[in-house]
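Take a look at the structure below.
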Amino acid sequence: MDSDGTQDARGTHASPVPRPAGPPEVPAMPPRPPRAPATPPLPDGSAFLTWLRTPRPDAAPGVWRFGHRPRPAEEPEEIPTRQLLSGALIAFLVGWLIWSLLQNGYIGTWWWVPFDLIVPDAWRGGDSDLGETGTFIVYQGYELLVALVIMVGAARLGRWGEVWRRFVTPRFRRPQAQETRTTPEDDPAQWNELRAAGAVDAAERLATEARSGLMRDVDHARILRAWQGVRTGRHSLATFSGAVLKDGAAACLHPSGERDLPARLARHDLVTGQVRLGTTVDDARNPYAYRGTGLALGPDLLGTSLVAVGPAGSGKTGTVVRPLAESLCLHALAGRAAVVVVGAAGAGLGPADAYDVVVRIGNQESEYDLDLYGGTTDPDEAAAVLAEALVGDLADPHPGSDSRRSTTVLAQLLGPFRAVHGRFPSVPELRQLLDGAPGPFAALRQGLQEAGQESLLRELDARERQMGQPGDVGGVLGDRVALLDRPAFAGFFDTSGQSRPFTLKALDHPVRVRIDLPQRGHADASKMLARLVLAQFTASVAVREDRSLFACLLLDDATGVVTPEAVRGIQRLRSGNAGVVLTLRTLDDVARPLRGPLLGATGCRMALSGLTPWDGQDFAEVWGKEWTEARDVTDRQIIAETPAGKAVHMLRRVITGKAPTARAVTVRQVERERWSASELAHAVPAGHAVLSLTDVKGEHAPPLLVDLRG
21 MDSDGTQDAR GTHASPVPRP AGPPEVPAMP PRPPRAPATP PLPDGSAFLT
71 WLRTPRPDAA PGVWRFGHRP RPAEEPEEIP TRQLLSGALI AFLVGWLIWS
121 LLQNGYIGTW WWVPFDLIVP DAWRGGDSDL GETGTFIVYQ GYELLVALVI
171 MVGAARLGRW GEVWRRFVTP RFRRPQAQET RTTPEDDPAQ WNELRAAGAV
221 DAAERLATEA RSGLMRDVDH ARILRAWQGV RTGRHSLATF SGAVLKDGAA
271 ACLHPSGERD LPARLARHDL VTGQVRLGTT VDDARNPYAY RGTGLALGPD
321 LLGTSLVAVG PAGSGKTGTV VRPLAESLCL HALAGRAAVV VVGAAGAGLG
371 PADAYDVVVR IGNQESEYDL DLYGGTTDPD EAAAVLAEAL VGDLADPHPG
421 SDSRRSTTVL AQLLGPFRAV HGRFPSVPEL RQLLDGAPGP FAALRQGLQE
471 AGQESLLREL DARERQMGQP GDVGGVLGDR VALLDRPAFA GFFDTSGQSR
521 PFTLKALDHP VRVRIDLPQR GHADASKMLA RLVLAQFTAS VAVREDRSLF
571 ACLLLDDATG VVTPEAVRGI QRLRSGNAGV VLTLRTLDDV ARPLRGPLLG
621 ATGCRMALSG LTPWDGQDFA EVWGKEWTEA RDVTDRQIIA ETPAGKAVHM
671 LRRVITGKAP TARAVTVRQV ERERWSASEL AHAVPAGHAV LSLTDVKGEH
721 APPLLVDLRG
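Residue 21 is where the sequence shown starts when you use our numbering, and the numbers rise one by one after that.
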């Protein structure tokens, strides 16, 4: 069976799997008629232009850049409220006392000396040229100047500015609109890069569409992606300009004809490619620069892969997988990504209308089937992927192990069968061959003899000699294939041309795929199929021709999926501009020797609330330790013996709220865990998670406590 994910084995066109969204080519298949827009066009372009012009400054990995206001790297020292207010009041009283003493002459008239030196003698008497009123104004002006000097000094000593900023300004502060770039040279709505390249008419058309409210964020991202194709030479400038002048904001459409998703649940920013997952908590354990900022992920972080661990109900699907799937589907509509989402039927991974291909394994109404052999025609490649799916979890879990014996057994059967029948065996046929049924073996031998395939005959003879021998894995493979040879899967994994098989070879194109796995009564089969999809994904993205398209696999519940070969495959994804997202209820679902390699192979690690201390220990080890400053403070109360001393101590108690003490401080550097196993198990509130990040450039973000509901 030859299948590229767009045609069925009968040679007829299936419902189209989308081809690359680009201006020069006409889609290989007629696109589906577009649905009504999920979001109606805005009455004017003001909201879109405001969104487009909002600043997105460079920030640390994981920071939601849309409208972000950078914070200092270190937390400024803040004076306690009681001490600040007491100091401000005392400074005011001291200033008022000094002014009263000056006014009443208790400290002499020396403060008039500057006035006598500066002001002419003719201005001082009532009979001067200024008159009585003028003389009064001169004297009062000098007194006002002295009062201002005293007030400024009292304000600095009493930190009145800090009092104003902390207690007064927030009460009268009004929400400010985000600063926008309105300079024509820097305005992204003017498409100046197109103008500089000579596509002035296209730039004017796009600017008009943006101002009139006919453009949305997906359109902007999709056209930018097409423009990148012009810059890299894949498309011509003339073809791009013609498409824009013809269709405006609807140019270079995704082959599905869609310009948006049916609905959005998360906040997305397609300029930066981020989706917001929550808010970094204002907690002392978080770096000050991250506190209170939005937490967002994009392809730059997902390219290092993500593993999220948390018990059922902790929010893995609703607050992690669903927003990421939604974001990647938007990227696919913009021609930037290909996404495959795998989960149980009814897991809440988004509506079917949000995907181009929905494979419902075990559901007889499913429009698509899953290609068991990954669309390859090479028996050895098909055997390697299928062996990983069938018995990858039974291999020695140590990272250096492999499943070559299982691969060899399958290759000894797949090669001869394809040579005779021109296709790979179906599930029932493969089960019979693995079980050593005499009829299929005899027919296969006769076909090879008639075709003169001597080398393949030797392969078949070797398989017959090994059957029944101690250590033969054929029986184990047959038992695993039997899990798929059930009435619920009748009609699936067909190789005779009676179904529409989907293969992950289609990840060369911006396609949106959802695969629903059966769960009730078929848990083992679901785990096996999940391993199959992961194995096909890692094998397919490694040989893609166009690696500018980000490919991502989201696997909701990766129980029984992590194998030594899977860990090695995940390690290779970053170089292929691809990544995976795996969720687990507990790390106990992964063999002990593979837990460290799994956490090491993924650049982003998330521990959700409700984690067990044993799982927390694994995260604590991979996050390591840090040097921190520990202070040992010893307070000794000071006892006053004189009346004056007692009065001073009473005043200090009123100001600070504490008894006067002599403090001894010992500062030392100690090394401690960033997050201990106990903290991860007991100090992470419900709806929160601790998340560490690494982007494809190697920049790191330390473990952050994140509110996934914010």
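Ideal Cβ positions, reconstructed from N, Cα and C, are used throughout, including at glycine.
- Take the alpha-carbon of Leu-117 and the one of Pro-722: they are about 53 Å apart.
- In this structure, Met-626 sits near Val-329, with a CB-CB distance shorter than 8 Å.
- The alpha-carbon of Ser-568 is positioned some 17 Å away from that of Ser-347.
- Separation of the CB atoms of Val-601 and Leu-265 is rounded to 40 Å, and the pair is thereby denied contact status at 8 Å.
- In the DSSP assignment, Pro-399 falls within the unbroken alpha helix (DSSP H) covering 399-411.
- For the set Tyr-159, Gly-128, Pro-371, the Cα lying nearest the Cα of Pro-140 is the one of Tyr-159.
- Asp-635 counts as buried, since no fewer than 16 other beta carbons sit within 10 angstroms of its beta carbon.
- Cα atoms of Asp-302 and Gly-495: separation of roughly 57 Å, rounded to the nearest angstrom.
- Under DSSP, Val-83 takes part in a beta bridge, and its partners are Leu-315.
- The beta carbon of Pro-705 lies closer than 7 Å to those of Ser-629 in the same chain, with the five residues before and after it left out.
- Between Asp-576 and Leu-392, the gap from beta carbon to beta carbon reaches 8 Å or more.
- The alpha helix (DSSP H) runs of length 4 or more contained entirely in the region 154-224 are, from start to end of the chain, 180-183, 189-192, 212-216.
- Annotation for Pro-584: the continuous alpha helix (DSSP H) segment containing it runs 584-593.
- Within the region 326-353, the runs of alpha helix (DSSP H) at least 4 residues long that lie entirely inside it are, in chain order, 342-353.
- Comparing alpha carbon positions, the residue from Lys-678, Glu-278, Gly-318, Val-411 closest to Val-531 is Glu-278.
- Its chain contains Met-548, Arg-551, Leu-552, Ala-555 as the residues whose beta carbon lies nearer than 6 Å to that of Ala-409, once the 5 sequence neighbours on both sides are disregarded; these appear in chain order.
- Put simply, the backbone Cα of Leu-574 is about 59 Å away from that of Ala-679.
- Apart from sequence neighbours up to five positions away, the residues of its chain that approach Val-561 with a beta-carbon distance below 7 Å are Leu-527, Ala-571, Leu-593, Gly-596, Ala-598, ordered along the chain.
- The region 240-326 contains, as complete alpha helix (DSSP H) runs of 4+ residues, the segments 257-267, 319-322 (chain order).
- Cβ contact annotation for Pro-204 (same chain, cutoff 7 Å, sequence separation greater than five): Gln-210, in chain order.
- Apart from sequence neighbours up to five positions away, the residues of its chain that approach Val-716 with a beta-carbon distance below 7 Å are Asp-320, Gly-323, Thr-324, Arg-594, ordered along the chain.
- Per DSSP, Val-674 has no beta-bridge partner at all.
- Proximity of the region 177-191 to the region 105-119 meets the contact definition, three or more beta-carbon pairs being nearer than 8 Å.
- Asp-536 and Val-295 have their C-alpha atoms some 24 Å from each other.
- Nearest to Val-327 by C-alpha distance, out of Arg-311, Leu-344, Val-405, Thr-313, is Leu-344.
- Under the 8 Å Cβ criterion, the region 512-519 counts as touching the region 381-396, having at least three qualifying pairs.
- One Cα belongs to Gln-486, the other to Arg-443, and the distance between them is close to 24 Å.
- By a beta-carbon distance limit of 8 Å, Val-493 does not contact Val-533. Their separation comes to about 31 Å.
- Taking each of Val-360, Tyr-162, Ala-219, Arg-231 in turn and checking the Cα distance to Trp-247, the smallest one comes out for Ala-219.
- Looking at the DSSP output, Thr-714 shares a beta bridge with His-720.
- Secondary structure at Ile-535: strand, using DSSP grouped into helix, strand and coil.
- Here Ala-93 is not near Ala-316, since their CB atoms are 8 Å or more apart.
- Boundaries of the alpha helix (DSSP H) around Met-548: 543-561.
- The beta carbon of Glu-449 sits closer than 8 Å to the beta carbons of Phe-437, Pro-460 from its chain, once the five residues preceding and following it are set aside; these are given in chain order.
- The beta carbon of Gly-268 is closer than 6 Å to those of Arg-225, Glu-229 in its chain, skipping five residues each way along the sequence.
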